[in-house]
Amino acid sequence: MRSVLKCGLFVPITLCAIYLIPPSVKLFIGFIPVENCHLESAKMLNLDNSDDASLNLHSRPDVLTCTYWKAAIIWEGMFDPHLYDEMHKIRGSSVALTVFAVGRYLDAYLHTFLNSSEQHFMVGLPVTYYVFTDMPEKVSNIKLSPLRSMKVIKVEKNSRWQDVSMMRMKSISNVIESDIRHHCTHIFCFDVDQVFTGRFGSEALGDSVALLHAHYYRLPKHLYTYDRNPNSKAYMETGDFYYHAAIFGGSWKNVKALTEACYQGIMEDKQNNVEALWHDESHLNKYMLLHKPSKVLSPEYCWDTSIGFRSDIQVTRLLWAPKYYDTLRTP
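For reference, each letter of the sequence shown is one residue, going 316 to 646 in my numbering.
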């Protein structure tokens, strides 16, 4: 009971601190000192592939560019985009992009998401879009670039948006087994309420890829909103970073393992009448604590402009779209 009460107090206080603080305080957060990478060169990384040895870990002294388990954290200025693109073309890399557009989210976001992806996501590499929706007939045609294709997969609409979010893990795992594993080397899974605004390229590909949450990456760990309920499979006392479930990816094998583990944790919680604080995101953070990502993406790869100016965000590659929760999440 004591731990439950502590969690009940911790969550609203933390959320108020993060989301409701005035812009002037958010600006101050941007000046909180950060660690620097402890490695002398990228050759000391636990390399996903040989291209990562070309990363300049010390080109960005204003941010952390590696983890303590020797994974790269990708920021603008660290990499040569042409080198990455050419090497992945030589290797024959191909990418599956999964996105869920269920209920009102389809009309509100999908068309813009896909069109912006055509301009910025993995340009020059083969990409297959896997669009999961409860209304396949409403998915509009968009002009796809060469080497691009789209598959629309019908899913059931859950009555609660939380269940839509959590059940996507099972749907992704299923389609990896039935289709993606036979056609693509890598997968990226996205929320639909986002817009590509800049290069989101092959430098992001890796065996297991996680994203630093834009609202947390400069905050002290005690403010991370991990699930603090010891009865949940997503329970965490502490962790390495706070990862955003709006984007995750990796090789098809690793993404399949992640989605299966998260789905299993979600179902065990349901059997025990428990629901993790941030649903599938809480389970993803727990998985990434136990199975460290081999590459981490900086918040450039999913930025929220409401945070305001941050000198370390030199480019924005994907932006949060306006959130219309009151209208989109109502039955």
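We put the beta carbon where it would ideally sit given N, CA and C, even for glycine.
Residues that DSSP places opposite residue i in a beta bridge
i, result
"L412", "Y444, F503"
"Y635", "Just to set this straight, residue 635 is Trp in the shown sequence, not Tyr. Per DSSP, Q509."
"V467", "V446"
"W618", "L634"
"F515", "F436"
"Y558", "L527"
"L310", "A query on residue 310 cannot be resolved here, the shown segment of the chain reaching from 316 to 646 and no further."
"C304", "Lying before the first or after the last residue shown, residue 304 is absent from the chain, which here runs from 316 to 646."
"D542", "Y550"
Where the beta strand (DSSP E) containing residue i begins and where it ends
i, result
"I388", "387 to 389"
"A525", "523 to 526"
"L429", "Looking at the DSSP string, L429 is not in any beta strand (DSSP E); the run it does join, the alpha helix (DSSP H), is 426 to 435."
Residue i burial status per 10 Å Cβ neighbour count (16 or more: buried)
i, result
"P327", "The predicted model places P327 with a pLDDT of 49, which falls under 50 and marks its position as unreliable; any figure quoted below should be read in that light. By the 10 Å Cβ count, P327 comes out exposed."
"K453", "exposed"
"D422", "exposed"
"P535", "exposed"
"T553", "exposed"
"E391", "buried"
"Q509", "buried"
"R406", "exposed"
"E615", "buried"
"A647", "Outside the shown range of the chain, which is 316 to 646, sits residue 647, and nothing can be said about it."
"K610", "buried"
"L459", "exposed"
"T620", "exposed"
"S431", "buried"
"P608", "buried"
"S356", "exposed"
"N456", "exposed"
"L320", "With a pLDDT of 47 at L320, under the threshold of 50, the modelled position of this residue cannot be trusted; read the value that follows with caution. Answer is exposed; the Cβ neighbour count stays below 16."
Endpoints, alpha helix (DSSP H) assigned at residue i
i, result
"I405", "396 to 406"
"I271", "No answer is possible for residue 271: the residues shown for the chain start at 316 and end at 646."
"M604", "Reading the sequence as shown, one finds Leu at residue 604 and not Met. 595 to 605 is the extent of the alpha helix (DSSP H) around L604."
Inset, instruction - Taking 8 Å as the threshold, find out whether the segment 525 to 539 comes into contact with the segment 553 to 568 through three or more Cβ pairs. - result: The segment 525 to 539 vs the segment 553 to 568: in contact.
Legend entry - the segment 543 to 551 contacting the segment 580 to 595, beta-carbon criterion three pairs below 8 Å: Counting C-beta pairs closer than 8 Å gives three or more between the segment 543 to 551 and the segment 580 to 595, which meets the contact rule.
Inset, instruction - Answer yes if the segment 488 to 496 comes into contact with the segment 582 to 589, meaning at least three C-beta pairs across the two stretches below 8 Å, and no otherwise. - result: Fewer than three Cβ pairs drawn from the segment 582 to 589 and the segment 488 to 496 lie within less than 8 Å of each other, which leaves the two stretches out of contact.
Inset, instruction - Would you be able to state if there are at least three C-beta pairs under 8 Å between the segment 413 to 430 and the segment 378 to 398? - result: Because the criterion of three Cβ pairs below 8 Å is not met, the segment 378 to 398 and the segment 413 to 430 do not touch.
Inset, instruction - Please confirm if the segment 436 to 446 is in contact with the segment 456 to 475, defined as three or more CB-CB distances below 8 Å between the two stretches. - result: Under the 8 Å Cβ criterion, the segment 436 to 446 counts as touching the segment 456 to 475, having at least three qualifying pairs.
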